[in-house]
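Undergrad: When we follow the UniProt record's numbering, the leftmost residue of the sequence shown carries the number 1, and every step to the right adds one. Where a beta carbon is used, it is the ideal one built from N, C-alpha and C, also for glycine. Just so it is clear, the structure is predicted and the values come from calculations on it, not from any experiment.
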Amino acid sequence: MIVLTNGKDIVDIEARKLGQISEINFFREIQEKFHQEQKFTRDKAYVGEPAIKTPKKKPPIQELTSKEKSQNKELASERILVEHIIRLLKIFRVAQERFRLNSDKYTQIIMTICGLVILGRGTVILS
């Protein structure tokens with residue numbers, strides 16, 4: 001799922017295909033839908049991926065500088081809003097465990113839930 005940094009809108013939803021695929025390979029597949037200059041924010045598991053801004057890891061037996069710590073804090077404050085959106089989706093249990101209904105309906109159901117989450121956050125104006 002791709003969410004705007006301010007947590008106001010869900011930009012893209014991509015359901016995983018059946019079978020196992022690592023998150024980084026999954027990201028590389030869906031990244032092709034976006035402009036090359038588009039940057040993303042992820043956690044420390046994505047260090048080294050050029051399009052992804054990640055927090056700085058603490059080197060072994062050393063400490064992070066105060067500048068690196070403040071940059072990590074800034075990234076965390078942006079990311080917390082996205083994590084709140086993910087939490088709201090997980091309440092409906094379609095984003096956290098095996099989907100037990102007809103798999104053909106998954107996209108329709110997840111999109112409906114995303115719409116409800118955005119509507120509930122008050123970011124959609126209906127007139």
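Throw me the rounded Cβ distance for the GLU68 and LYS56 pair, which I believe falls under 8 Å.
TA: Position 68 of the sequence shown, counted from the first residue, corresponds to residue 68. Position 56 of the sequence shown, counted from the first residue, corresponds to residue 56. Yes, they are in contact, since the Cβ atoms of GLU68 and LYS56 sit about 5 Å apart, within 8 Å.
Undergrad: Quick check: ILE118 and PHE92, are their CB atoms within less than 7 Å of each other?
TA: Numbered from its first residue, the sequence shown carries residue 118 at position 118. Numbered from its first residue, the sequence shown carries residue 92 at position 92. No, they are not a contact pair.
Undergrad: By how many angstroms is the C-alpha of ASN72 removed from the C-alpha of PRO59?
TA: Here residue 59 is taken as the residue at index 59 of the sequence shown, counted from 1. Here residue 72 is taken as the residue at index 72 of the sequence shown, counted from 1. Cα to Cα, PRO59 sits roughly 14 Å from ASN72.
Undergrad: Using three-state DSSP, classify LYS69 as helix, strand or coil.
TA: Here residue 69 corresponds to residue number 69 of the sequence shown, with the count starting at 1. Correct three-state label for LYS69: helix.
Undergrad: Please classify ILE110: is it buried, with 16 or more other beta-carbons within 10 angstroms of its beta-carbon, or exposed?
TA: If you number the sequence shown from 1, residue 110 lands on position 110. Under this definition ILE110 is a buried residue.
Undergrad: Three-state secondary structure (DSSP) at ILE110?
TA: Sequence index remark: in the sequence shown, residue 110 carries index 110 (1-based). Three-state result, ILE110: helix.
Undergrad: Where does LEU119 sit, in a helix, a strand or coil, going by DSSP?
TA: Within the sequence shown, the letter at position 119 stands for residue 119. It is helical.
Undergrad: Mind checking LEU89: buried by the 16 CB within 10 Å criterion, or exposed?
TA: Taking the sequence shown and counting its residues from 1, one reaches residue 89 at position 89. Buried.
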